[in-house]
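Asker: Going by our numbering, the first residue of the sequence shown is number 41, and it counts up by one from there.
I am attaching a structure below and will ask some questions about it afterwards.
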Amino acid sequence: MNTKLRSALLASAAASATLLAMPTIAQAQDAGEGVDVGEIVVTGSRIRRDTFSAPQPLAVVSAEAIRESGQTSIGDILLDQPSINPNQNAQTTSGTLFLAGQARADIRGLGATRTLVLMDNRRLPFSDASSPAVDLNTIPSLMVERIETVPGGVSAVYGSEAIAGVVNFIMKKEHEGLELDIQGGITEENDGEEFRAGFNWGKKFFDDRLNVLVGGEYATLDKIMQRDRDELYPGFRRNNAPGVNPQPIIPNSRTNSNTTATFQLVGGNVVGTARAVTLDARNPTQVVRLSPACSTQTVQPTCQDEALTYSNVFSALQGKANRGVLRTYMDYKITDTFKAFVDASYVKVSGYGIFGPAFSNAAGGGTLPLVLRGDNAYLNGPGATAAALRAEWLAAGKTLTQGSTANVGKQFVEFGGRDVKTEREQYRIAGGIEGQFETFGRQVNMDGYVQYSRLDGTTISYNVPNVARVQQATDAVMLNGQVVCRDAAARAAGCTPWDLVNGPSREAILFTNANSTTDQKITQTVAGLNFATELFELPAGPVGVAFGAEYRKETSFFEQDALGASGALFFNAIGTREGSYNVKEAYGEVRIPILKDVPFAEELSVELAGRVSDYSTIGGTDQYRIAATWAPVRDIRFRASESTAVRAPNIIELFSPQSRNFTTTATDPCDAAVFAGATAAQQAARRVTCAAAIPGWNSATFQSNFGAGRPSLALLQGGNPDLGPETAHTYQYGVVVQPRWIPGLQISVDFFKYNIDGQVGTIPINTLFNQLCYDDATTAYASNPYCAQIRRDPTGTGGSGIVGGVSEVVLVQQNVAKVKVEGYDYSIAYGFRTEDLFGQDYGDIAMRLDATWMYQFQLQGLPGQAFTQLANTINNATPEWRATGSVRWTKDKLSLTWSTLWIDSMIANNAFQPSQLDPYYTGDYYRHDMRVSYKYSDELSLRAGIINVFDRYPPKISDNQIFTGTGVGASQYDNRGRFFFVGANMNF
């Protein structure tokens, strides 16, 4: 294969960002041409080998692919691999309290905590104490030589967290001169600006014995607001009104938590009986009686009164972040065969989570329950607005007395958004020696290192008001001719009354508003010693071995300010969590060649690997891997592996105290709309259990306080120091075909299977509601321990605002779940020279298609329960089919690449039956990208491109934040629209 064609093939692999089923990027070069690729350590094994004999599927992203991608985040580049599922990224972290600006890798959708991230085969430290995983944005992209992804259990080689697989960043170690790289991009709507500038400088000293490489990058990402996209704002929702079945998609309803204030004069959710008025958002001096659809305490899906606003006017599609990364690598040749090295990095990241203002609900309850009393001084004050509101008050049968009240629905725009600023500083330093020596006539490769890292982080959550002070300030009365706060103790503390009718004073805002802060610190200490050699020769080749030991200590500390931790603020009360653990490990690998260059066995070899560990928290664990490779002829290669894996629970799972959180994914099985779509057996069980849980429950009229289009559900979550390890059994079988009679063609198919037992997690929220509680006809409701975790509000005054609503659900970490995952990875690549086919050089063509068919992703929430199929559901972010394809044309200095991402149609919400939702599926999704690069000279390369050429937005379905693309599953859809970028790379 000529060099030109080889370059085209490699570039194609780079453009599609995956070589999933091929052993490695270097295998495109036929070893028969006499090119020596040398022996290296490939990800998935520590045994040195040529790249063609890698023992498992290996996806590779080259440095060229990273540069040409147009992406500012490495996480977005990896997401184009079919085996990588969405996790945290720019589209999701804006809605998180502490993860703004992060990007995480998630192989097979098993979770970022089950994907191990390495740099040069060494563990990277966690990037956050609130949710431990590695932020890929802490890695300087210009210094990455390549990224190797191995899906499959490789815990026997690398240890805990590698259940799903490994992402290994192979970094550049040397460079001669100065390299500069700059890139900028912007959406077609002139927002979401991205910028990245990086450099590498390297030089050798002292007769090339000292090698120095210094590099880094600075990157920024600007926000995108939902209101700036006509395709996504005001958006969509389900019509889940009682009696509507199936539930269609309709325009988004307006909210009665108005930016002014809504007063619920007559409560309930019965259309025509409930009554409410609002201060017109367009003109707050006007009092408007709301239509029947908007007057219920939870607005009807068809509520469209223009006096109200949309709650998502404050929602972000993409957050704001900036980061700076510096890295220095140095090595010094102590002898011709040994060198000492130092690898150090410093990272500073700022991220901004964007949230709407604090709010109260017209239904009452929630985090900030608020009422207007009949003797309120401002209700009884002067002015046309107060007079109009009094008239409505009296017309509704209320009196101007203290005991006559109305719930207030309001977004407190006076405070501003509850934005969260997150800052993290992290440094890491690794030092050690590596080299070769001979013993007993055998060459031994060794490396030893010590690595220490530390992260210090802070967050400031702005405009999270003091709940009690808001309630005190809005309860204003006349005293001695002056308007004051009713509560005498509050007055003594400086309470300034808040005017709900005409708007508050600056002093009232300052008295009630507050901020909350957190501090965090993470440290990681790792020491490792590794050896690799060949023991002896067999007729088929040398027996290769690798062995070593590792010590690791992890510590984590997270502390919230006292006022925030007390639960006094409109914010999650988290408190302080702290913990540590250490682990000592030893491992060994052996590769045994059995046959080579004989009939029906071009190669036959087996590999064995094992690891033993001793954790200070869970005690001893062990894991193994068995693999075999058989090439009957040089054109075809079969491979198979079986392995066990272990994941030790992390510090958060072990030691986190119980704290408040929220979810929008839960549905209430007792809700009338949900009940109507249930099966006959479910309805029979719920008639008993729901009646026992909810006073006066009516299956045809009960509307819950949470669900689609309603407020989020409060959770009380926490850790468990008695957790044990997760265990997994994984299998992989595959074939690689490279036919000699079709030069440039490579085909592979790999089967994968994961069986995970004792998975750490909380009981899935809808499993708890449905199968374990309200659909359980065999256990009395009062004695069902799972129903006890669902805290109902029998009077409507306990936080839900609805009689029989749910105040909170208690969920703690447990080793309860089992997961079964099965599927196939497919890959085909073909490249050719047009001159060979047409007799004239029109350039070189390289084509590639990679796909994953994951037909099974089953979750058993509790032992003995039925498995729930989550494959092909947006809830679990796991499409059944996902594929990327690319075509690359290269001629002389110019290259043009067209790539396509396809995501199979998925179930929009698997908490419902197909008959309950219309549509039930998302429909297929395609995103097309175009990239062009031009090598002007050896010193200058230019690039440009369009991501999402046809301006495709997520499917117009409201479930699980699909149409906004801000849910974890929905974030695999591009929500920013057409994006343009340009860049340049310069060498001096």
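For each residue, glycine too, the CB sits at the ideal point set by N, CA and C.
This one's a predicted model, so the numbers in the text were calculated from it and none came from an experiment.
Count the other CB atoms, across all protein chains shown, that sit within 10 Å of the CB of residue 374; report buried if there are 16 or more and exposed otherwise.
Answerer: Residue 374 should be labelled exposed.
Asker: Can you tell which of 922, 827, 909 has its C-alpha closest to the C-alpha of residue 865?
Answerer: Answer by Cα proximity: 922.
Asker: Looking at the unbroken beta strand (DSSP E) that takes in residue 418, where does it start and where does it end?
Answerer: Element bounds for residue 418: n/a, residue is neither H nor E.
Asker: Please classify residue 552: is it buried, with 16 or more other beta-carbons within 10 angstroms of its beta-carbon, or exposed?
Answerer: Per the 10 Å Cβ criterion, buried.
Asker: Please return the same chain residues whose Cβ sits closer than 7 angstroms to the Cβ of residue 900, not counting the five positions on each side in sequence.
Answerer: Only 857, 858, 907 meet the Cβ criterion.
Asker: Are at least three pairs of beta-carbons, each pair with one atom in the segment 183-203 and one in the segment 1002-1022, less than 8 angstroms apart?
Answerer: No, the segment 183-203 is not in contact with the segment 1002-1022.
Asker: Would you tell me roughly how many angstroms separate the C-alpha atoms of residue 63 and residue 786, rounded to the nearest one?
Answerer: Only weak support is given to the placement of residue 63: the predicted model assigns it a pLDDT of 30, under 50, and the value that follows is read from those uncertain coordinates. Computed Cα separation, rounded: 11 angstroms.
Asker: Decide if the segment 793-801 is in contact with the segment 758-770; the criterion is three or more beta carbon pairs, one per stretch, under 8 angstroms apart.
Answerer: Counting Cβ pairs under 8 angstroms, three or more are found: they touch.
Asker: Please check the pair residue 317 and residue 327, which I expect to be a contact at CB under 8 angstroms, by giving their CB distance rounded to whole angstroms.
Answerer: Between residue 327 and residue 317 the Cβ distance is about 6 angstroms, and since that is below 8 angstroms, they are a contact.
Asker: What does the Cβ neighbour count give for residue 638, buried or exposed, with the cut at 16 atoms within 10 Å?
Answerer: Burial call: exposed.
Asker: Are the beta-carbon atoms of residue 277 and residue 297 separated by less than 7 angstroms?
Answerer: It is not a contact, given that the beta carbons lie outside the stated cut-off.
Asker: Under the three-state reduction of DSSP, which class applies to residue 955: helix, strand or coil?
Answerer: In the structure shown, residue 955 sits in a helix (DSSP, three-state: H, G or I).
Asker: So within the segment 280-360, which uninterrupted beta strand (DSSP E) runs reach at least 3 residues, ignoring any that extend past its ends?
Answerer: Segments of the beta strand (DSSP E) lying fully in the segment 280-360: 287-291, 302-306, 315-319, 327-329, 356-358.
Asker: Sort 126, 397, 635 by Cα distance to residue 115 and report the nearest one.
Answerer: The shortest C-alpha separation from residue 115 is found at 126.
Asker: Compute the distance between the beta-carbons of residue 155 and residue 146, then report whether it is under 7 angstroms.
Answerer: Yes. Within cutoff.
Asker: In the structure shown, what three-state DSSP assignment does residue 754 receive?
Answerer: In this structure, residue 754 counts as strand in the three-state DSSP scheme.
Asker: Around the C-beta of residue 887, are 16 or more other C-beta atoms found within 10 angstroms, so that it is buried, or is it exposed?
Answerer: That one is buried.
Asker: What is the C-beta distance between residue 221 and residue 1025, in whole angstroms, given that I count them as a contact (C-beta under 8 angstroms)?
Answerer: About 5 angstroms; that satisfies the 8 angstroms criterion.
Asker: So, at 8 angstroms on beta carbons, what are the nonlocal neighbours of residue 521 in its own chain, with the 5 sequence-adjacent residues on each side left out?
Answerer: Nothing meets the Cβ criterion.
Asker: Mind checking residue 677: buried by the 16 CB within 10 Å criterion, or exposed?
Answerer: Buried, since its Cβ has 16 or more Cβ neighbours within 10 Å.
Asker: Whole beta strand (DSSP E) runs in the segment 893-955 with 3 or more residues, listed along the chain?
Answerer: Listed in chain order, the complete beta strand (DSSP E) runs (minimum 3 residues) inside the segment 893-955 are 921-931, 934-943.
Asker: So, does the segment 104-115 touch the segment 757-764, judging by three or more C-beta pairs under 8 angstroms?
Answerer: Taking 8 angstroms as the limit for Cβ pairs, the verdict is that the segment 757-764 does not touch the segment 104-115.
Asker: Alpha carbon to alpha carbon, how far is residue 359 from residue 612? Give it in angstroms, no decimals.
Answerer: Spanning the two alpha carbons is a distance of roughly 20 angstroms.
Asker: Rounded to whole angstroms, what is the Cα-Cα separation between residue 970 and residue 642?
Answerer: Their Cα atoms are separated by approximately 41 angstroms.
Asker: Secondary structure at residue 447, three-state DSSP: helix, strand or coil?
Answerer: Reduced to three states, the DSSP call for residue 447 is strand.
Asker: Just verifying my parser: in three-state terms, what is the DSSP assignment at residue 522?
Answerer: The answer is strand: DSSP assigns residue 522 an E or B state.
Asker: Roughly how far, in whole angstroms, is the beta-carbon of residue 841 from the beta-carbon of residue 745, given that I think they are within contact range, below 8 angstroms?
Answerer: Their Cβ separation, rounded to whole angstroms, is 6 angstroms, which keeps residue 841 and residue 745 in contact under 8 angstroms.
Asker: Quick check on residue 849: buried or exposed, where buried means 16 or more other Cβ atoms within 10 Å of its Cβ?
Answerer: Residue 849 should be labelled buried.
Asker: What whole-angstrom Cβ distance do residue 557 and residue 498 have, given they're in contact under 8 angstroms?
Answerer: Sure, about 7 angstroms apart at Cβ, within 8 angstroms.
Asker: Is it buried or exposed, residue 980, if we count other Cβ atoms within 10 angstroms and call 16 or more buried?
Answerer: Residue 980 should be labelled exposed.
Asker: In this structure, how does DSSP classify residue 116 when only helix, strand and coil are distinguished?
Answerer: It is helical.
Asker: For residue 284 versus residue 186, is the C-beta distance shorter than 7 angstroms?
Answerer: Cβ atoms of residue 284 and residue 186: not closer than 7 angstroms.
Asker: Applying the criterion that 16 or more other CB atoms from any shown protein chain within 10 Å of the CB defines a buried residue, is residue 781 buried or exposed?
Answerer: Under this definition residue 781 is an exposed residue.
Asker: Where does residue 433 fall in DSSP's three states?
Answerer: In this structure, residue 433 counts as helix in the three-state DSSP scheme.
Asker: Report yes if the CB atom of residue 1038 is closer than 7 angstroms to the CB atom of residue 287, and no otherwise.
Answerer: The question about residue 1038 has no answer, for the chain in this structure spans 41 to 1028.
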